[in-house]
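The block underneath contains the structure these notes are about, expressed in structure tokens.
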Amino acid sequence: MSLQCGIIGLANVGKTTLFNCMSNVKAETSNFAFTSSKSNLGIIHVPDPRLNELEKFQVTDRVVPATVEIVDIPGLAKGANQGEGVGNKFLADIRNTDALIHVLRCFDDPSLPHIEGSVDPVRDIETLDFELQVKDLESVEKKIQRLEKVAKSGDKDAKKGIESLGKVKAQLESFGNVRDMNLDESERRVIEDIFLLTVKPVMFVCNVDDASAIKGNQYVEKVREFLKGKQAEILILAARMEAEIAELETEEDRLAFLADAGIPEPGVSRLVRSAYAMLNLMSFFTVGPMEIKAWTIHKGMTAPQAAGAIHSDLERGFIRAEVMKYNDFVTLGSEHACKEHGKLHIEGKTYMVEDGDILHIRFNV
Ligand SMILES: Nc1nc2c(ncn2[C@@H]2O[C@H](COP(=O)(O)OP(=O)(O)OP(=O)(O)O)[C@@H](O)[C@H]2O)c(=O)[nH]1
Ligand SMILES: [Mg+2]
């Protein structure tokens, strides 16, 4: 399952710096605005301490974490909807993502001028949101026109659709985002096929100076105030420091660096976990002598669907799943002990997999 998080924001706010700490590939960063002229695609590993715990109880050749795709989208600018900056083309890259990480410049640095002349993350949110809203408005209006043709012949669904789209249009026209609307099931279905940008879940990353990495600063406070009551998460992170941490060779060096800075874990780990949750994902495990692996599925998937994440044959030929709970396994120490304590459950096709389940799929094709 390949789910994608897009990193968005104005030019020069630290998107690529952040991308480089998160992903397995490295892209170019610089002081010049609009350095990135194409989107960078990378894979991120989702840190999960449970994997290390599992390894204590099962000797294995390798440990494989869950992954999410991440795409670093070049800086947008005011007027992007008309092709300003590197413009329009990148709005299309945003359309392909499942969730957004919006990076905000919340640090002062006289040597790095802000493209709008001053540091003001709230203005930046509004600038970028506006670009996305304009695009969404175009999509909504197009669909209204399409439905109006159908409605002429008396189609009731079309009339209802136009009504729903009217509400969405009003929200966008008053500079609102569609994610903040309380849409019901049928209204959601009407906008499903136009892939709106402002309906995607978003997380704001306040990129702060090193000294503000834990408590934030006055810019972060303004962002918090502005986002009150809106559907959005906020995360504080010092991207440049994170980049320094990511560059250290050994885990030991990294831990020493974090201890010196008084930070419990890299901000990037927090960010990746939040992104994972924002995408409504969870992990189940397979545990064996060849590998211990975390697999990514959507919350609410059944055992056969989860089996399909491993291989389509396992879904097709699914017979049953043997399930241990992570906590039981690490408390009791082995599959054998789980069995003896009645903690190895046999589950059928309707079983809904839970986060941290250890699965063994029985199948026949
Ligand atoms: N002082 C300071 N500088 C930073 C921080 N994060 C990034 N920078 C610097 O800001 C500049 C731009 O960073 P990038 O990561 O390339 O910014 P970007 O958002 O990808 O920019 P575009 O691709 O042009 O949109 C680089 O010189 C970074 O070193 C930070 O937290 N503090
Ligand atoms: Mg960049």
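Mapping to the working numbering: the sequence shown position 90 is 92, numbers consecutive. For glycine and all other residues, C-beta sits at the position ideal for the given N, C-alpha and C. Keep in mind that this is a model prediction, so the values were computed, not measured.
Rounded Cβ spacing between residue i and residue j (contact assumed at less than 8 angstroms)
i: T200; j: L134; result: 5 angstroms
i: L167; j: V142; result: 5 angstroms
i: I236; j: L229; result: 6 angstroms
i: C108; j: N219; result: 6 angstroms
i: R322; j: V367; result: Contact flag wrong, Cβ pair sits at about 14 angstroms.
i: P70; j: L273; result: Position check: residue 70 holds Val in this sequence, whereas Pro was assumed. Not really, about 11 angstroms apart at Cβ, beyond 8 angstroms.
i: H300; j: L316; result: About 17 angstroms; that fails the 8 angstroms criterion.
i: I75; j: I127; result: Their Cβ separation, rounded to whole angstroms, is 16 angstroms, which puts I75 and I127 out of contact at 8 angstroms.
Own chain residues within Cβ distance below 7 angstroms of residue i, not counting five before or after
i: C340; result: M326, D330, F331, L334 and L346
i: T99; result: Q6, C7, G8, V73 and K202
Straight-line gap, residue i to residue j (C-alpha atoms, nearest Å)
i: T129; j: V204; result: 15 angstroms
i: Y369; j: I164; result: Only positions 3 to 367 of the chain appear in the structure, and residue 369 is not among them; the question remains open.
i: C7; j: K58; result: 32 angstroms
i: L257; j: L93; result: 38 angstroms
i: K351; j: L5; result: 25 angstroms
i: A248; j: C23; result: 6 angstroms
i: V355; j: A308; result: 7 angstroms
i: V124; j: E227; result: 9 angstroms
i: S276; j: K151; result: 43 angstroms
i: D359; j: I348; result: 12 angstroms
i: D255; j: R364; result: 43 angstroms
i: F286; j: D195; result: 30 angstroms
i: A311; j: I96; result: 25 angstroms
i: Y353; j: L185; result: 29 angstroms
i: K40; j: A29; result: 10 angstroms
i: R52; j: S336; result: 15 angstroms
For residue i, the residue or residues it bridges with in DSSP
i: C208; result: L106 and I238
i: Q220; result: DSSP output for Q220 lists no bridge partner at all.
i: Q6; result: E71
i: T288; result: K295
i: G44; result: I72
i: L283; result: H300
Same chain, Cβ closer than 8 angstroms to residue i, five either side skipped, listed in chain order
i: I265; result: A215 and I216
i: V210; result: C108, F109, G218, N219, Y221, V222, I238, L239 and A240
i: F197; result: R97 and S141
Cβ-based neighbour list, residue i, same chain, cut-off 6 angstroms, excluding 5 preceding and 5 following
i: D182; result: K232 and Q233
i: G269; result: L239 and E244
Near ligand 4: residue i beta-carbon under 6 angstroms from a heavy atom
i: D111; result: As presented, the structure is devoid of ligand 4, carrying ligand 1 and ligand 2 as its sole ligands.
Is the segment 171-178 touching the segment 147-161 in the sense that three or more CB pairs, one from each, lie closer than 8 angstroms?
By the Cβ criterion, the segment 147-161 is not in contact with the segment 171-178, since fewer than three pairs of Cβ atoms, one from each stretch, lie closer than 8 angstroms.
The segment 183-192 touching the segment 216-227, judged by at least three CB pairs closer than 8 angstroms:
The answer is no - the segment 216-227 does not touch the segment 183-192, with fewer than three Cβ pairs under 8 angstroms.
Using 8 angstroms as the Cβ pair cut-off and three pairs as the minimum, do the segment 280-295 and the segment 59-74 touch?
A contact between stretches requires three or more CB pairs, one per stretch, nearer than 8 angstroms, and the segment 280-295 meets this requirement with the segment 59-74.
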